[in-house]
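In this note's numbering, the protein residues as written are 7 to 417.
Here the structure comes first, spelled out in structure tokens, and everything after it is commentary.
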């Protein structure tokens, strides 16, 4: 999420304030020191880093890709997708449509903005059928709905305007949190994902994958320190008995803020051995992505027959709102990290812009503008999320004024 490190400091601050209130400053200090000194929780060993690109999940060779690895496998996936797309449109006697891509960033409860954009876009009547959809963190939770289409808008609106903290996580007692792998328990979020990412949705994803469309979700493999791109359509189409369960775990992992939410473990195999990977929020490395820059999109099959446009929804602002900073360690750290993560997120936008310009792809950007003024006192506050959802929805319903360049760059 774009508030990744900021949330970590906020989480610690909240829990320490609770301990101070109950047992006094000395215990709170011991708790903070204990964060670095607790015993390690058990887990199976990770695979050797040299073998990471050779491991498989559910014995599927195309279930995931690695940005830092050999680009050939994901290039081959794109080529196969274009071949399937051409075959599908030929079979229904329709011309190949324009190629529209959608990238949805992280942003925690600011994901309500992206949901509002999608719903309002449908109401405007101009929301395209996306050739590919990518999601990171909060954007990963929105991406399946964006991919399947406007028929799921009602469910999307319901989720983003009717949940609060209790639907996302449960706070662990401070001493249990210190001895465990996170400050909270995400069982509520796990149940929420399972409620909406059901057999029907996965079947819809599989069908569209067969027609040449792609749905990618990013997580971070902490052991390898690499971003992992999960091929959700291929997993769905595999019809493996554990495919639905795996897709749900991928979405949960992509949204799992390190130290705040527990990591998600994935069992992988290679050369007869079984290993276990530890994955967290995809935003730990990149807050948004379209496709690896190593792919020259303009050189792939089927590309030259239509125009191409990339839409990027940034679930956040592009600058930190000015505010006085209290001269204490946690407020200073939180404020500095907030500025850092916002700046990094804007850097992602410039990377996407550079890549699209190289490949002749149109660039369209949406983000939370300074005209949105609602108070944001608590994470996953229902009132705030509803206001932000309606803000994005209203803008898109009247025809969203997409930016054609990142902030600070003349359009």
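No residue lacks a Cβ here, since even glycine has one placed at the ideal position from N, Cα and C.
Between the CA atoms of residue j and residue i - distance to the nearest angstrom
i           : j           : result
residue 126 : residue 218 : 26 angstroms
residue 366 : residue 304 : 7 angstroms
residue 68  : residue 83  : 8 angstroms
residue 55  : residue 131 : 47 angstroms
residue 399 : residue 62  : 40 angstroms
residue 208 : residue 193 : 21 angstroms
residue 282 : residue 266 : 21 angstroms
residue 292 : residue 245 : 30 angstroms
residue 78  : residue 148 : 28 angstroms
residue 411 : residue 278 : 49 angstroms
residue 321 : residue 250 : 26 angstroms
residue 164 : residue 176 : 21 angstroms
residue 1   : residue 64  : In the structure displayed, the chain extends from 7 to 417; residue 1 sits before or after that span and is not available.
residue 195 : residue 99  : 43 angstroms
residue 133 : residue 323 : 23 angstroms
residue 211 : residue 330 : 47 angstroms
residue 81  : residue 231 : 22 angstroms
residue 214 : residue 220 : 8 angstroms
residue 107 : residue 123 : 15 angstroms
residue 190 : residue 200 : 19 angstroms
residue 377 : residue 253 : 36 angstroms
residue 86  : residue 70  : 15 angstroms
residue 406 : residue 128 : 11 angstroms
residue 345 : residue 356 : 17 angstroms
residue 314 : residue 138 : 11 angstroms
residue 156 : residue 135 : 9 angstroms
residue 319 : residue 352 : 12 angstroms
residue 381 : residue 50  : 44 angstroms
residue 273 : residue 154 : 28 angstroms
residue 327 : residue 140 : 28 angstroms
residue 408 : residue 316 : 11 angstroms
residue 404 : residue 143 : 28 angstroms
residue 52  : residue 415 : 43 angstroms
residue 229 : residue 295 : 21 angstroms
Contacts around residue i, its chain only, beta-carbon distance under 8 angstroms, and the 5 residues preceding and following it disregarded
i           : result
residue 161 : 151 and 202
residue 39  : Residue placement at residue 39 is flagged as unreliable, the pLDDT there being 43, under the threshold of 50; the coordinate-derived value follows with that caveat. If we look at residue 39 and ignore the five residues flanking it on each side, it has no Cβ neighbours.
Own chain residues within Cβ distance below 6 angstroms of residue i, not counting five before or after
i           : result
residue 145 : 110, 111 and 112
residue 118 : 166, 391, 394 and 395
residue 255 : 270
residue 401 : none
residue 116 : 321 and 322
N- and C-terminal bounds of the alpha helix (DSSP H) containing residue i
i           : result
residue 343 : 335 to 365
residue 94  : 78 to 97
residue 214 : 205 to 216
residue 168 : 159 to 168
residue 390 : 388 to 403
residue 120 : 117 to 130
residue 249 : 249 to 260
Residue i - partner residues in DSSP beta bridges
i           : result
residue 177 : 190
residue 237 : 222
residue 232 : 227
residue 273 : 282
residue 411 : None; residue 411 has no bridge partner.
residue 63  : 66
Limits of the unbroken beta strand (DSSP E) element including residue i
i           : result
residue 312 : It is not in any beta strand (DSSP E) - residue 312 carries neither H nor E in the DSSP assignment.
residue 142 : 138 to 142
residue 280 : 279 to 287
residue 374 : Unbroken run through residue 374: none, as it is neither H nor E.
residue 109 : 105 to 110
7 angstroms CB neighbourhood of residue i in its chain, flanking five on each side removed
i           : result
residue 325 : 348
residue 57  : 276
residue 60  : 276
residue 206 : none
residue 233 : 73, 224, 226, 288, 291 and 292
Contact between the stretch 382 to 399 and the stretch 151 to 169 (3+ Cβ pairs under 8 angstroms):
yes
Tell me whether the stretch 260 to 272 and the stretch 284 to 296 touch, counting them as touching only if at least three CB pairs, one residue from each stretch, are closer than 8 angstroms.
yes
So, does the stretch 372 to 387 touch the stretch 92 to 101, judging by three or more C-beta pairs under 8 angstroms?
no
Given 8 angstroms as the limit, is there contact between the stretch 290 to 301 and the stretch 240 to 251, that is, 3 or more CB pairs closer than that?
no
Specify whether the stretch 357 to 364 and the stretch 179 to 196 touch according to this definition: at least 3 beta carbon pairs, one from each stretch, less than 8 angstroms apart.
no
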